[in-house]
Amino acid sequence: LIPPAPTRSAAKPVKPGSVNAPEGADPRVVAWVASVAELTEPADIVWADGTPEEYQRLIDIMLEAGTIVPVPKRPNSYLARSHPDDVARMESRTFICAEDADDAGPTNNWRDPASMRQVLGGLFDGSMRGRTMYVIPFSMGPVGGPISKLGIEITDSPYVVASMHAMTRVGTAALEAMRGTTDWVPAVHSIGAPLAEGEQDVAWPCNSTRYISHFPETREIWSFGSAYGGNALLAKKCFALRIASVQARDEGWLAEHMLLLRMKHEDGRVMHLAGAFPSACGKTNLAMLQPTIPGWKVETLGDDIVWMRPGEDGRLWAINPENGFFGVAPGTSEKTNATAMAMMEHDTIFTNVALTADGDVWWEGMTKEAPEGLIDWQGRPYDPANGPAAHPNARFTVRAEQAPSIAPDWEEAVPLDAIIFGGRRPTQVPLVLQARDWEHGVYVGSTVSSQQTAAAEGTVGEIRRDPFAMLPFCGYNMGDYFSHWIDMGHRLGRHAPKIFSVNWFRRDADGGFLWPGFGENARVLEWIAGRVAGTAAGVDTAIGIMPAEGSLNLEGLDLDAEVVDELFEIDPKAWLTELVDVEAFFGQFGHALPTGLVRQLNHVRWRLEHV
Ligand code: SAT
Ligand code: MN
3 LIPPAPTRSA
13 AKPVKPGSVN
23 APEGADPRVV
33 AWVASVAELT
43 EPADIVWADG
53 TPEEYQRLID
63 IMLEAGTIVP
73 VPKRPNSYLA
83 RSHPDDVARM
93 ESRTFICAED
103 ADDAGPTNNW
113 RDPASMRQVL
123 GGLFDGSMRG
133 RTMYVIPFSM
143 GPVGGPISKL
153 GIEITDSPYV
163 VASMHAMTRV
173 GTAALEAMRG
183 TTDWVPAVHS
193 IGAPLAEGEQ
203 DVAWPCNSTR
213 YISHFPETRE
223 IWSFGSAYGG
233 NALLAKKCFA
243 LRIASVQARD
253 EGWLAEHMLL
263 LRMKHEDGRV
273 MHLAGAFPSA
283 CGKTNLAMLQ
293 PTIPGWKVET
303 LGDDIVWMRP
313 GEDGRLWAIN
323 PENGFFGVAP
333 GTSEKTNATA
343 MAMMEHDTIF
353 TNVALTADGD
363 VWWEGMTKEA
373 PEGLIDWQGR
383 PYDPANGPAA
393 HPNARFTVRA
403 EQAPSIAPDW
413 EEAVPLDAII
423 FGGRRPTQVP
433 LVLQARDWEH
443 GVYVGSTVSS
453 QQTAAAEGTV
463 GEIRRDPFAM
473 LPFCGYNMGD
483 YFSHWIDMGH
493 RLGRHAPKIF
503 SVNWFRRDAD
513 GGFLWPGFGE
523 NARVLEWIAG
533 RVAGTAAGVD
543 TAIGIMPAEG
553 SLNLEGLDLD
563 AEVVDELFEI
573 DPKAWLTELV
583 DVEAFFGQFG
593 HALPTGLVRQ
603 LNHVRWRLEH
613 V
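Have a look at this one:
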């Protein structure tokens, strides 16, 4: 059996020295680490302190092991090539182990916690033999911040430790904050590749048996077999979304799969906006957008996760709990995201991108043509017959402070004005619409759908419902999650942010994108800012409020009037068919589905049938 999470009662005392614990570590932390070490039997235990010296040591270890190679063209930058079959999140191997299957809900893989503890106990037994076990104390949000939370990840992967340095606030301050409390999330990760005496290691050790397991009641995470970011950086999707969404339900806040940005105008107008999009739908590009319309500027606050709490003033306050960006490389270019290109010029860990003959990185979409002499993501001379040079889910890992667009006060909470929901929809969904009210907004969020991307296993291109872009990340019954969102609206009342739907991905009959996207998306954000301020006109339609003629700024944009019409076209027949699908999707939640969503669905249908 895997050891239990630390409880409030005093733990059986363990000598800190026996697990190399720093002076002053909470005895329950020490006892828990000792219990994990007893199970996994590492050769050595190292507590991460988060210092640059430690980061350099990790880099040296990975260079020596062949896990990473230098990227000579970029100072302090490296390329990791993963095992070819360890490249994305594995939703089919992701489990929510609630006591009651109903609490995991119909959209999660449920496993009984007792039997999962047994399975994991077998897998983790001796799984770190011959390896160093790293203990990583970390904080999501600034240590001690009003919306922040603490955790400890144990891992036997130096790649994970180095990535956690960029993605979270690692080290002594977090460990000190755990003194006298058990309010921290215990998270254990093993690549599941013990080394026998004298055995030669491989560059990217992992195990084909994989479990990414969450125990929502005890707030524990146990992940086995994969070293890929979303499966192994347990602070990210596992904690900051799956476990945190459960904490948020219980404590009255929201943990969401969203970007966070501030849009400012020279004349003093400011809007704070959070946006939920499925993985690999352009959250990073939007968070770093360079507006094409004069006067506006975007400051980046976060690109993947937002934690939000009602403040004393009644408004919804938001932080990005992360410390860095783990973004999709392919498609990123000077044209699509010059900010990201600038932030990756140094101190970046690339994973599964291609290497150029002159020692730089490359991926599809960076330039039109692939340069001569490429080495592909698997370390072979590039041959298009083998597929793309960079894996479609190739990633970059960088600290947030490296983004030229990062807001100077990015670690502080901001009051939210607007929330947007989007996905990849080649047809039907208009460029932008506003929800009539909060409940309608929750309906819009709950019906988000998108074409599958390479960020997770599955058939790329297939359309699936991905409510709130949280389908793979909600740690409890999604029906209850919808109710939690509706309740939040009641609590916020007139202070609630306005809710919108956007779709940058609508295509014409020939398959070309109708909307130029990227920097031009600022036009849509400007209209949203106008709606928030009460200055932009809208027209009520069956599915929501759309920009009134002339209220969306299209000045200087080379778009035919027919294209604009197509971007906003509502096909009632297609929408009525869509509602059949929504109804079937809702049906799986049974009694957990809030009546508010049924009311919204019926209202939209009535409007479609009668206008
Ligand atoms: O791999 S991650 O889950 O961290 C990124 C994503 O898929 O959104
Ligand atoms: Mn994501």
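Residue numbering for the sequence shown follows UniProt numbering, beginning at 3 and increasing consecutively. Each residue gets a CB set at the ideal place from its N, CA and C atoms; glycine is no exception. Everything numeric in this text was worked out from a predicted model, so none of it was measured.
Practice task
Spell out the partners DSSP gives Glu301 in its beta bridges.
Solution key: Working through the sequence shown from its first residue, we reach residue 301 at position 299. Paired residues: Arg264.
Practice task
Mind listing which residues have their beta carbon within less than 5 Å of any non-hydrogen atom of the ligand MN? Chain order is fine.
Solution key: Ser281 and Asp306
Handout entry: Three-state class that DSSP yields for Asn111 in the structure shown
Key = The residue labelled residue 111 in the question sits at position 109 within the sequence shown. The answer is strand: DSSP assigns Asn111 an E or B state.
Problem - Any non-hydrogen atom of the ligand SAT within 8 Å of Phe328 CB - result: Start at 1 with the first residue of the sequence shown, and residue 328 comes out as number 326. Yes - the ligand SAT has a heavy atom lying nearer than 8 Å to the Cβ of Phe328.
Exercise for the section: Compute the minimum distance between the beta carbon of Tyr230 and the heavy atoms of the ligand SAT, and state whether it is under 8 Å. Expected result: On the sequence shown, position 228 is the one that residue 230 refers to. For the ligand SAT, at least one heavy atom lies less than 8 Å from the Cβ of Tyr230.
Handout entry: Reference Thr184; option with closest CA among Ala538, Pro8, Phe507 and Gly519
Key = As a position in the sequence shown, residue 184 is number 182, starting the count at 1. Closest option to Thr184, Cα to Cα, is Pro8.
Problem - Distance between beta carbons of Val462 and Ala456, contact taken as under 8 Å - result: Here residue 456 refers to the residue found at position 454 of the sequence shown. Here residue 462 refers to the residue found at position 460 of the sequence shown. Indeed they touch by this definition, with Cβ atoms about 6 Å apart.
Exercise for the section: In angstroms with no decimal places, state the Cα-to-Cα distance between Phe217 and Val600. Expected result: On the sequence shown, residue 217 is found 215 positions in, with the first residue counted as 1. On the sequence shown, residue 600 is found 598 positions in, with the first residue counted as 1. Roughly 31 Å separates the two Cα atoms.
Exercise for the section: Could you tell me if Ser20 is buried or exposed, where buried requires 16 or more neighbouring beta carbons within 10 angstroms of its beta carbon? Expected result: To locate residue 20, count along the sequence shown from 1; it is residue 18. The residue is exposed, with fewer than 16 neighbouring Cβ atoms inside 10 Å.
Problem - Contact check, Ala402 vs Thr302, beta carbons under 9 Å - result: Taking the first residue of the sequence shown as 1, we reach residue 402 at position 400. Taking the first residue of the sequence shown as 1, we reach residue 302 at position 300. In contact: Ala402 and Thr302 (Cβ atoms closer than 9 Å).
Practice task
Measure the CB-CB distance between Ser84 and Phe328 and report whether it falls below 9 Å.
Solution key: Residue mapping note: residue 84 aligns to position 82 of the sequence shown, counting from 1. Residue mapping note: residue 328 aligns to position 326 of the sequence shown, counting from 1. No, the Cβ-Cβ distance between Ser84 and Phe328 is not below 9 Å.
Handout entry: Buried or exposed (CB count within 10 angstroms, at least 16 for buried), Asn388
Key = Counted from its first residue, the sequence shown places residue 388 at position 386. Classification of Asn388: exposed, given that the 10 Å Cβ count is below 16.
Problem - Reference Thr358, options Asp349, Ala340, Ala391 and Lys337, closest by Cα - result: Along the sequence shown, one-based indexing puts residue 358 at 356. That would be Ala391, whose Cα lies nearest to the Cα of Thr358.
Exercise for the section: Look at Arg171 and Gly52 and say whether their C-beta atoms are less than 9 Å apart. Expected result: On the sequence shown, position 169 is the one that residue 171 refers to. On the sequence shown, position 50 is the one that residue 52 refers to. Contact: yes.
Practice task
Could you check the C-alpha separation between Gly447 and Ile422 for me, to the nearest Å?
Solution key: Working through the sequence shown from its first residue, we reach residue 447 at position 445. Working through the sequence shown from its first residue, we reach residue 422 at position 420. Going by the C-alpha atoms only, they are around 8 Å apart.
Problem - Residue from Asp306, Val363 and Glu371 with nearest C-alpha to Ile377 - result: As a working note, residue 377 is residue 375 in the sequence shown. Ranking Asp306, Val363 and Glu371 by Cα distance to Ile377 puts Val363 first.
Practice task
Measure the alpha-carbon distance for Arg397 versus Phe352 and round it to whole angstroms.
Solution key: Position 395 of the sequence shown, counted from the first residue, corresponds to residue 397. Position 350 of the sequence shown, counted from the first residue, corresponds to residue 352. Going by the C-alpha atoms only, they are around 6 Å apart.
Practice task
Please name the residue in Lys151, Tyr213, Tyr161 and Asp203 whose C-alpha comes closest to that of Pro188.
Solution key: Here residue 188 corresponds to residue number 186 of the sequence shown, with the count starting at 1. Checking every option, the nearest Cα to that of Pro188 belongs to Lys151.
Problem - Reference Ala250; option with closest CA among Asp88, Val416, Ile47 and Ser485 - result: Taking the first residue of the sequence shown as 1, we reach residue 250 at position 248. The option with the nearest alpha carbon to Ala250 is Ser485.
Handout entry: From Leu125, Gly147 and Pro72, residue whose alpha carbon lies closest to that of Leu3
Key = Taking the first residue of the sequence shown as 1, we reach residue 3 at position 1. For the residues Leu125, Gly147 and Pro72, the minimum Cα distance to Leu3 belongs to Leu125.
Practice task
Could you please give me the residues that DSSP links to Lys151 through a beta bridge?
Solution key: As a first step, residue 151 must be located in the sequence shown, where it is residue number 149. Met142, per the DSSP bridge assignment.
Practice task
Could you pull the start and end residues of the beta strand (DSSP E) that Glu478 belongs to?
Solution key: Position 476 of the sequence shown, counted from the first residue, corresponds to residue 478. For clarity, residue 478 is Tyr in the given sequence; the question names Glu instead. Taken as a continuous stretch (DSSP letters only), Tyr478 belongs to no beta strand (DSSP E), as it is neither H nor E.
Problem - Where His216 falls: helix, strand or coil (DSSP) - result: Taking the first residue of the sequence shown as 1, we reach residue 216 at position 214. In this structure, His216 counts as strand in the three-state DSSP scheme.
Practice task
Give the DSSP-derived three-state secondary structure of His274 in the structure shown.
Solution key: What you label residue 274 is simply residue 272 of the sequence shown in a count that begins at 1. It is a strand residue.
Practice task
Run the proximity test for Leu235: is its beta-carbon closer than 8 Å to any non-hydrogen atom belonging to the ligand SAT?
Solution key: Position 233 of the sequence shown, counted from the first residue, corresponds to residue 235. Result yes, Cβ under 8 Å from the ligand SAT.
Practice task
Report the partner residues of Lys48 according to the DSSP bridge assignment.
Solution key: Residue 48 sits at position 46 when you count from the first residue of the sequence shown. Reading off the sequence, residue 48 comes out as Val, not Lys. Answer is Tyr136.
Practice task
Could you please give the first and the last residue of the uninterrupted beta strand (DSSP E) stretch that includes Ile465?
Solution key: Residue mapping note: residue 465 aligns to position 463 of the sequence shown, counting from 1. Run containing Ile465: Ile465 to Arg467, per the beta strand (DSSP E) assignment.
Problem - Three or more C-beta pairs below 8 Å linking the segment 255-272 and the segment 220-233 - result: no
Problem - Contained alpha helix (DSSP H) runs [length at least 4] in the segment 175-206, N- to C-terminal order - result: none
Practice task
Return the residue from the list Glu571, Pro44, Phe587 and Gly495 that minimises the CA-CA distance to Asp315.
Solution key: Start at 1 with the first residue of the sequence shown, and residue 315 comes out as number 313. Comparing Cα-Cα distances from Asp315 to each of Glu571, Pro44, Phe587 and Gly495, the minimum goes to Gly495.
Problem - Every unbroken beta strand (DSSP E) inside the segment 360-409 [3 residues or more] - result: 397-401
Exercise for the section: May I have the straight-line CA-CA distance separating Trp206 from Thr69, to the nearest angstrom? Expected result: Locating residue 206 in the sequence shown gives position 204, counting from the first residue. Locating residue 69 in the sequence shown gives position 67, counting from the first residue. Taking the straight line joining both Cα atoms gives about 6 Å.
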